[in-house]
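The structure under discussion appears below in the form of structure tokens.
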Amino acid sequence: MTTIAVVTAGLSQPSSTRLLADKLALSTRSVLPDAKIEVIELRDLAVEVTKNMLTGFPSPALRAAIDKVTAADGLIAVTPVFTASYSGLFKSFFDVLDQKALDGKPVLIGATGGTERHSLVLDFALRPLFAYLRAEPVATAVYAASSDWASPGDLDTRASRAGREFAARLSSEGTAAAPDSGFVPFEQLLAGG
Amino acid sequence: MQFGIFTVGDVTTDPTTGEAPSEYERIKAMVRIALKAEEVGLDVFATGEHHNPPFVPSSPTTMLGYIAAQTSKIILSTSTTLITTNDPVKIAEDFAMLQHLADGRVDLMMGRGNTGPVYPWFGQDIRQGIPLAIENYHLLHRLWREDVVSWSGKFRTPLQEFTSTPRPLDGVPPFVWHGSIRSPEIAEQAAYYGDGFFANHIFWPKEHFQALINLYRERYEHYGHGKADQAIVGLGGQVFLRPKSQDAVREFRPYFDNAPVYGHGPSLEEFTEQTPLTVGSPQEVIDKTLTFREHFGDYQRQLFLMDHAGLPLKTVLEQLDLLGEHVIPVLRKELDSLRPAHVPEAPTHASLRSEVTV
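Quick note, the sequences are listed as chains X and Y, same order. Be aware that the first sequence starts at 1, since it is given in our numbering, and climbs by one per residue. Be aware that the second sequence starts at 1001, since it is given in our numbering, and climbs by one per residue.
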């Protein structure tokens, strides 16, 4: 069964970031009805993420969230736009993930903001972040400005296109490749790696 | 089973008084702590090696030599000796000298050091950390075992028919532990040589170290040194004791809350729950330490961190009294009785010497 982790970094409740995350999950599920979806609200883990920064290890609750993201076949990641980029909480969560956790994983990215002016944040901030982590963002990413919620027709079109692309990637790849353990036998180490 | 303490030698302001010891006071305090460790019946004193403030122990063999002169039983060790930035020739000579002066009561723990700026102070580059640890240790291993060594490698000038002096006492090189926080390469290195593997253990949950120790045990067997459960494992631990649990928690909390490594993060209670830290009565320390064996298997050396985060010397010495009197004898008895006969003790100079002569 395909599992999809949804990471949402919205801070208010209810949150338009969560709303967009749900919309993206829904449009994916309309193509992959059996997909199992696990939503991770970073708001609930904000303090735990900071503690992990200070100690170098996650609390049990954060560990569970990290494990879900690491084990998922695909990731939907949605952040509000803060000061010209993803939010600090969103970035911090990916900072405490293992560097290899997202290797080869399809990712559907989304962002929310007050005006359309910020929509390029998807391409100048989020896409490079996931490229660095060796994840594979799908071609269509979805930005929702306040005005989109007033007339959702166009947003729905974009979300369903993104969902279709994401679902196609998930079903074509099956499960993501296991991360490289990095183990090197000693003879090879001694010979200079 | 060996019990001991390992110190990092930090000079930290005491958060309850706002006062920090001078370097002189801290260095002398470390010596006092080592002498106390022998007095209360511990087996091992290990000091860190650091080259940047707020740490003072930049010269471990000088300190250990001074302690050796004032002790007669305790094993002197390091936590850790930097195999990356120290010249392996100098390590070979320094520790062989110490071994003679201390009548063989010496072993050492190798580490890489994880702060980038330190490497260039000694002409090295942190990006080469693992290759340096591999090549330098391989040379060190030979220098202690071959009287005349010709060698060439990537990181230092070649050696031509070189003899490091003094030769190891009785022809027995000091036993080596390899310390690691996250590198499987180092577990593999320890297994390859049949050396000990030490998991610092103290600041992270056990799961983090179980993977490394299991890898070490499995590869120890692979390289033919014995069964996986006979591999030589050491663990760190961290305790603060008072006869009554509530007193320990109340007294340690300000030190915990402001400690450089974990302060201003999780609560004392959360950290105690998630890591090996025990703050409480001797019985609580005993109970928690016994769980280490359940998590990692029978092991040979347990070192506790007792003197950091600005704790005053007087408090540290009181801790050692409690540890020596109420904790170690019970743990020693329990762990020795649980350990199967085929699982060895940690090697000592005496045990290694008898292997050589047999």
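Every residue, glycine too, gets a C-beta built ideally from N, C-alpha and C.
Would you kindly check if the distance between the Cβ of residue j and the Cβ of residue i is under 9 angstroms?
{"i": "Q1002 (chain Y)", "j": "V1044 (chain Y)", "result": "yes"}
{"i": "A1248 (chain Y)", "j": "T1165 (chain Y)", "result": "no"}
{"i": "Y1262 (chain Y)", "j": "D1014 (chain Y)", "result": "no"}
{"i": "S1077 (chain Y)", "j": "M1109 (chain Y)", "result": "yes"}
{"i": "W1121 (chain Y)", "j": "H1050 (chain Y)", "result": "no"}
{"i": "V6 (chain X)", "j": "L24 (chain X)", "result": "yes"}
{"i": "L8 (chain X)", "j": "V39 (chain X)", "result": "The amino acid occupying residue 8 (chain X) in the given sequence is Thr; Leu does not appear at that position. Contact: yes."}
{"i": "A21 (chain X)", "j": "A167 (chain X)", "result": "no"}
{"i": "V1011 (chain Y)", "j": "P1021 (chain Y)", "result": "yes"}
{"i": "F1296 (chain Y)", "j": "V1233 (chain Y)", "result": "yes"}
{"i": "Q99 (chain X)", "j": "L54 (chain X)", "result": "no"}
{"i": "A84 (chain X)", "j": "A111 (chain X)", "result": "no"}
{"i": "V194 (chain X)", "j": "R169 (chain X)", "result": "This structure does not reach residue 194 (chain X), given that chain X is present from 1 up to 193, and the question cannot be answered."}
{"i": "S16 (chain X)", "j": "P80 (chain X)", "result": "yes"}
Does DSSP put residue i in a helix, a strand or coil?
{"i": "R1339 (chain Y)", "result": "coil"}
{"i": "D98 (chain X)", "result": "coil"}
{"i": "G88 (chain X)", "result": "helix"}
{"i": "V1040 (chain Y)", "result": "coil"}
{"i": "H1349 (chain Y)", "result": "helix"}
{"i": "R1301 (chain Y)", "result": "strand"}
{"i": "V1249 (chain Y)", "result": "helix"}
{"i": "P137 (chain X)", "result": "strand"}
{"i": "L120 (chain X)", "result": "coil"}
{"i": "E1019 (chain Y)", "result": "strand"}
{"i": "G1104 (chain Y)", "result": "coil"}
{"i": "I1005 (chain Y)", "result": "strand"}
{"i": "S1072 (chain Y)", "result": "coil"}
{"i": "F1256 (chain Y)", "result": "helix"}
{"i": "V184 (chain X)", "result": "coil"}
{"i": "G1226 (chain Y)", "result": "coil"}
{"i": "M1 (chain X)", "result": "coil"}
{"i": "G1065 (chain Y)", "result": "helix"}
{"i": "F1045 (chain Y)", "result": "strand"}
{"i": "V1172 (chain Y)", "result": "coil"}
Bridge partners of residue i, per DSSP?
{"i": "A35 (chain X)", "result": "None, per the DSSP bridge assignment."}
{"i": "V78 (chain X)", "result": "X:T8, X:G110"}
{"i": "V213 (chain X)", "result": "Beyond the ends of chain X as shown, which are 1 and 193, falls residue 213 (chain X); an answer cannot be given."}
{"i": "I40 (chain X)", "result": "X:V7"}
{"i": "Q1238 (chain Y)", "result": "Y:L1305"}
{"i": "D1010 (chain Y)", "result": "Y:F1055"}
Would you please verify whether the beta carbon of residue i is less than 9 angstroms from any beta carbon of chain Y?
{"i": "L42 (chain X)", "result": "no"}
{"i": "M1 (chain X)", "result": "no"}
{"i": "T208 (chain X)", "result": "Limits of chain X in this structure are 1 at one end and 193 at the other, which puts residue 208 (chain X) out of reach."}
{"i": "P33 (chain X)", "result": "no"}
{"i": "G216 (chain X)", "result": "In the structure as shown, chain X begins at 1 and stops at 193. Residue 216 (chain X) is therefore absent and cannot be evaluated."}
{"i": "S92 (chain X)", "result": "no"}
{"i": "L89 (chain X)", "result": "no"}
{"i": "L190 (chain X)", "result": "yes"}
{"i": "L45 (chain X)", "result": "no"}
{"i": "L54 (chain X)", "result": "yes"}
{"i": "F57 (chain X)", "result": "yes"}
{"i": "V96 (chain X)", "result": "no"}
{"i": "V184 (chain X)", "result": "yes"}
Identify the continuous alpha helix (DSSP H) that holds residue i and give its terminal residues.
{"i": "V1316 (chain Y)", "result": "1313-1322"}
{"i": "D1094 (chain Y)", "result": "1088-1101"}
{"i": "T55 (chain X)", "result": "46-55"}
{"i": "G1129 (chain Y)", "result": "1129-1145"}
{"i": "A65 (chain X)", "result": "60-71"}
{"i": "T115 (chain X)", "result": "Per DSSP, T115 (chain X) belongs to no alpha helix (DSSP H) and is neither H nor E."}
{"i": "T17 (chain X)", "result": "16-29"}
{"i": "V1285 (chain Y)", "result": "1282-1296"}
{"i": "W1121 (chain Y)", "result": "1118-1121"}
{"i": "Q1124 (chain Y)", "result": "From DSSP, Q1124 (chain Y) is part of no alpha helix (DSSP H); its letter is neither H nor E."}
{"i": "A1187 (chain Y)", "result": "1184-1193"}
Under DSSP, the beta strand (DSSP E) around residue i begins and ends at which residues?
{"i": "E1161 (chain Y)", "result": "1159-1162"}
{"i": "W1364 (chain Y)", "result": "With chain Y running from 1001 to 1358 in the structure shown, residue 1364 (chain Y) is simply not present."}
{"i": "V1176 (chain Y)", "result": "1175-1180"}
{"i": "F1055 (chain Y)", "result": "Here F1055 (chain Y) belongs to no beta strand (DSSP E), and DSSP marks it neither H nor E."}
{"i": "F1197 (chain Y)", "result": "1196-1199"}
Any beta carbon from chain X within less than 9 angstroms of residue i's own beta carbon?
{"i": "A1191 (chain Y)", "result": "yes"}
{"i": "L1169 (chain Y)", "result": "no"}
{"i": "R1026 (chain Y)", "result": "no"}
{"i": "H1208 (chain Y)", "result": "yes"}
{"i": "P1117 (chain Y)", "result": "no"}
{"i": "T1275 (chain Y)", "result": "yes"}
{"i": "R947 (chain Y)", "result": "The structure shown has nothing for residue 947 (chain Y), since chain Y only spans 1001 to 1358."}
{"i": "F1003 (chain Y)", "result": "no"}
Report whether the distance from the Cβ of residue i to the nearest heavy atom of the ligand ADP is below 8 angstroms.
{"i": "K1073 (chain Y)", "result": "Ligands displayed in this structure: none; no statement on the ligand ADP is therefore possible."}
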